[in-house]
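To convert a position in the sequence shown, counted from 1, into this note's numbering, add 43. The structure appears right after this line, and notes come after that.
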Amino acid sequence: MQVTEKLIRPLTEAKYLNADNVDRYRCIMRIFYENYEKLRYWMYQEDVYAQMIQDPYFAEYRMEQCQQDLTALTEWKNLITIQDTRKVSSLEEFRNKKFRYQMSEYSVEIERLVLRLENLLIEGASLEPTLLERIRLALERFSQMESEKPETVYTWWNDLNNDFIRLNQNYQDYIRDLNSVKAEEMMRTREFLVFKDKLVEYLRSFIAGLQRNVGVIEEYLRMLDPSVLETVLGKVVAYEISIPRMDVERSEALLLEKARGRYQSIRDWFVSEGGAENEAGKLFDATNDIIRRITRYAAQLSEKNAMGANRKEEYRHVAEIFMKCQDLQEAHRMSAMVFGLERPFHLRGEGERETDSMNVGVYEEPADEFLLKPRIRNYREKTNRSAIRDTREEKAREKERLLLEMQKDQEEVARLEQDGAIDFAALPVIEPRVREILLKWLSDALEDNEYTARTEEGRLFTLDLERADERCVVRCPDGCFSMPHLRIVFGEEA
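Printed below as a string of structure tokens:
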């Protein structure tokens, strides 16, 4: 992108599309545009006012309002004014400044765009294989243009670019419409089956034209001589500069760069380079994908309609058969024939029978129940909502149990203490819970620099390491283990 003054300046010419009194401004601009197409470029205020009041919507429209609207549009550069002095007969008439108004170039293009937007849903887009044929034929004349006159080359170049722009825009708009949410919903309706075949045939005819022409165009563009390209583009630029235009600054370098960019766009559309897929290949894949989706939806609709119709008739026929049964036993036999033999539905289970008698029938035993779950990924079992339970009693009981266990552990450890110390070499067989408490005390003391720690009750103790180089055996019900000869010596209580 190249930043220019035209790119960064505000586009005041489009202000009338959203300003206050937009209904008056847009109608005035439409009047100017319709007269512009009839080659009536200049209009007076009285002409505009006369056409405005012809519509009942502007029955109360005044000349003063028309003058204000024309002044506003002139300030926004939508209209160009010139004072008409041809019929001035007095100084007073000259002072009144009777103006003629003309649309600016920007306004003409804006109105053309607005008209296209208004008719967007009416006109619609299409896929035209003939455009590919015309582009192929035009590109095949590329080498011939080297010897043609500049005006002939200019006309040929414009026709080629117009066909390419039309092809590019039409296929983008048409594919966008087929990939829209509205088209997706329509493909799921039964009415879609009516024109499904016609749509598929239309898309396949376009694919056939694409396959028939893209390969030829790609091969030709690859073989095109760069010198021929530069000569032809030079003629196009030279003729465009030779066209006399008023108030337009033209640069040969910019025009040549623009022409090269348009040719490169055409080449990128048809030619694959650097391992990247060209635009024609993307269009081919997108069109085939749409055909597959249309066929899939149509098959689903056809199957759904056929299954619904067949089942409806089957259910009606089965109901009529059951209505003709004389008693329940005959209905049971008919049920076995309809549902049991033709399409049996087997459920395997390990239910217990109340009796093993061979004389007891199926209808005399209680029915078994089987809970079936859907085989889908997003299935979640329904959770039963319940109120918050009061667990204070359970917590109290658990607290009392833990306190009793702690008291019992303290009593067990206290029995191991002799003369204010616990000697691991003199321990009797101890329970695993007591072993865990003693080993935890050892671990706490070993982590301290002075080998001191406190018990859970707050008693201070010190680890005696005088005989740590000796070994002793601690015996437990689940096994014995060897460890250094250590003593836990208790100090004063906290």
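The beta carbon of each residue, even a glycine, is placed where N, CA and C say it ideally should be. Given the structure is predicted, the values throughout are model-derived calculations rather than measurements.
Residue from ILE333, ILE260, GLU320 with nearest C-alpha to TYR245: Within the sequence shown, the letter at position 202 stands for residue 245. Among ILE333, ILE260, GLU320, the Cα nearest to that of TYR245 belongs to ILE333.
Between the C-alpha atoms of SER147 and GLU80, what's the straight-line distance to the nearest angstrom? By one-based count along the sequence shown, residue 147 stands at place 104. By one-based count along the sequence shown, residue 80 stands at place 37. Looking at the two C-alpha atoms, the distance is approximately 14 Å.
Less than 8 Å between the CB atoms is what I'm expecting for GLU171 and ASN201, so what's the real figure, rounded? Within the sequence shown, residue 171 is the residue found at index 128, counting from 1. Within the sequence shown, residue 201 is the residue found at index 158, counting from 1. 18 Å between Cβ atoms; not a contact.
Grab the span of the beta strand (DSSP E) containing ASP466 for me, first residue to last. Counting from one through the sequence shown, the residue named residue 466 turns up at place 423. Looking at the DSSP string, the run of the beta strand (DSSP E) that includes ASP466 is 464-466.
Do GLN126 and GLN110 have their CB atoms nearer than 8 Å? As a working mapping, residue 126 is identified with position 83 in the sequence shown. As a working mapping, residue 110 is identified with position 67 in the sequence shown. Contact flag unset, no.
Look at the alpha carbon of ASN492 and the alpha carbon of LEU506, and state the distance between them as a whole number of angstroms. Position 449 of the sequence shown, counted from the first residue, corresponds to residue 492. Position 463 of the sequence shown, counted from the first residue, corresponds to residue 506. When rounded, the distance between both Cα atoms is 11 Å.
Which residue's Cα is closest to the Cα of PHE524: VAL381, LEU489, VAL516? Here residue 524 refers to the residue found at position 481 of the sequence shown. Looking at the Cα atoms, VAL516 is the closest of the given residues.
Measure the alpha-carbon distance for GLN453 versus PRO471 and round it to whole angstroms. Walking along the sequence shown from the start, residue 453 turns up at place 410. Walking along the sequence shown from the start, residue 471 turns up at place 428. So the two alpha carbons sit approximately 16 Å from each other.
Starting from the C-beta of THR124, find all residues in its chain whose C-beta is less than 6 Å away, skip the five residues before and the five after it, and write them out in chain order. As a position in the sequence shown, residue 124 is number 81, starting the count at 1. Within the same chain, THR124 has close Cβ partners THR117, PHE142, TYR144.
With 16 other Cβ atoms within 10 Å as the buried cut-off, status of VAL456: Counted from its first residue, the sequence shown places residue 456 at position 413. VAL456 should be labelled buried.
Would you be able to state if there are at least three C-beta pairs under 8 Å between the region 276-288 and the region 251-268? no
Please check the pair ILE531 and PHE504, which I expect to be a contact at CB under 8 Å, by giving their CB distance rounded to whole angstroms. Stepping through the sequence shown from its first residue, residue 531 is reached at position 488. Stepping through the sequence shown from its first residue, residue 504 is reached at position 461. 5 Å between Cβ atoms; contact.
Identity of the residues DSSP links to TYR87 by a beta bridge: The residue given as residue 87 occupies position 44 in the sequence shown. Paired residue(s): ARG143.
For the alpha helix (DSSP H) containing ARG269, list its first residue and its last residue. Taking the sequence shown and counting its residues from 1, one reaches residue 269 at position 226. This sequence places Pro at residue 269; Arg is not what is there. First-last of the alpha helix (DSSP H) with PRO269: 269-285.
GLN24 versus ALA296 - alpha carbon distance: The chain is shown from 44 up to 537; residue 24 falls before or after that span and cannot be answered.
Could you have a look at LEU50 and say whether DSSP puts it in helix, strand or coil? For the purposes of this step, residue 50 is taken as residue 7 along the sequence shown, with counting starting at 1. Of the three classes helix, strand and coil, the one that applies to LEU50 here is helix, per DSSP.
Roughly how many whole angstroms lie between the Cα atoms of HIS528 and GLY522? Along the sequence shown, one-based indexing puts residue 528 at 485. Along the sequence shown, one-based indexing puts residue 522 at 479. Approximately 18 Å, taken between the alpha carbons.
Run through the DSSP bridge pairs and tell me what CYS523 is partnered with. As a first step, residue 523 must be located in the sequence shown, where it is residue number 480. DSSP output for CYS523 lists ARG518 as bridge partner(s).
Here's a check: name, in chain order, each residue in its chain whose Cβ is nearer than 8 Å to the Cβ of ALA181, leaving out the five neighbours to either side. Position 138 of the sequence shown holds residue 181. So the qualifying residues of the chain are TRP199, ASP202, LEU203, ASP206.
So LYS416 and ILE337 are supposed to be a Cβ contact under 8 Å. How far apart are they, rounded? Position 373 of the sequence shown, counted from the first residue, corresponds to residue 416. Position 294 of the sequence shown, counted from the first residue, corresponds to residue 337. Not a contact, Cβ separation roughly 35 Å.
Does the pairing of the region 65-81 with the region 148-161 give three or more beta-carbon distances under 8 Å? yes
Does the region 315-332 come close enough to the region 210-228 to have 3 or more Cβ pairs within less than 8 Å? yes
Per DSSP, the bridge partner or partners of LEU221: On the sequence shown, residue 221 is found 178 positions in, with the first residue counted as 1. None; LEU221 has no bridge partner.
I'd like to check one pair, VAL275 with PHE185: are the Cβ atoms closer than 8 Å? Your numbering for residue 185 matches position 142 in the sequence shown. Your numbering for residue 275 matches position 232 in the sequence shown. Their beta carbons are under 8 Å apart, which means PHE185 touches VAL275 by this criterion.
Cβ-based burial, ASN61 [other Cβ within 10 Å; buried from 16]: In the sequence shown, the residue the question calls residue 61 occupies position 18. When all chains shown are included, ASN61 counts as exposed.
With C-beta atoms as the reference, is LEU210 less than 8 Å away from ILE250? For the purposes of this step, residue 210 is taken as residue 167 along the sequence shown, with counting starting at 1. For the purposes of this step, residue 250 is taken as residue 207 along the sequence shown, with counting starting at 1. No, these two residues do not count as a Cβ contact at 8 Å.
Range covered by the alpha helix (DSSP H) that runs through ILE609: Given a span of 44 to 537 for the chain in the structure shown, any question on residue 609 remains unanswerable.
Length of the line joining the Cα atoms of LEU554 and ALA226: As shown, the chain starts at 44 and ends at 537. That puts residue 554 outside it, with no answer to give.
Enclosing alpha helix (DSSP H) for ILE153 [first to last residue]: Along the sequence shown, read from residue 1 onward, the residue named residue 153 stands at position 110. 148-161 is the span of the alpha helix (DSSP H), which, as asked, contains ILE153.
DSSP on VAL405, reduced to helix/strand/coil? Taking the sequence shown and counting its residues from 1, one reaches residue 405 at position 362. Note: VAL405 maps to helix in three-state DSSP.
Would the beta-carbon of GLU194 fall within 8 Å of that of TYR282? Taking the first residue of the sequence shown as position 1, residue 194 is located at position 151. Taking the first residue of the sequence shown as position 1, residue 282 is located at position 239. Their beta carbons are under 8 Å apart, which means GLU194 touches TYR282 by this criterion.
Residue closest to ALA379, alpha-carbon to alpha-carbon, out of ARG396, PHE467, TYR406: To locate residue 379, count along the sequence shown from 1; it is residue 336. Here the closest residue by C-alpha is TYR406.
Quick one: residues in its chain with C-beta nearer than 6 Å to the C-beta of TYR340, no 5 flanking neighbours on either side, listed in chain order? In the sequence shown, residue 340 corresponds to position 297, counting from 1. Excluding sequence neighbours, TYR340 sits near MET230.
For the beta strand (DSSP E) that ARG530 lies in, which residues bound it at each end? Against the sequence shown, residue 530 aligns to sequence position 487. Where ARG530 is concerned, the enclosing beta strand (DSSP E) stretches over 530-533.
Based on Cα-Cα distance, which residue from GLY277, ASP487, GLN254, GLU103 lies nearest to LEU298? Counting from one through the sequence shown, the residue named residue 298 turns up at place 255. Of the listed residues, the one whose Cα sits closest to LEU298 is GLY277.
Just the C-alpha distance for LEU164 and TYR217, rounded to the nearest angstrom, thanks. Here residue 164 refers to the residue found at position 121 when the sequence shown is read from its first residue. Here residue 217 refers to the residue found at position 174 when the sequence shown is read from its first residue. The predicted model places LEU164 with a pLDDT of 49, which falls under 50 and marks its position as unreliable; any figure quoted below should be read in that light. Their backbone Cα atoms lie some 12 Å apart in a straight line.
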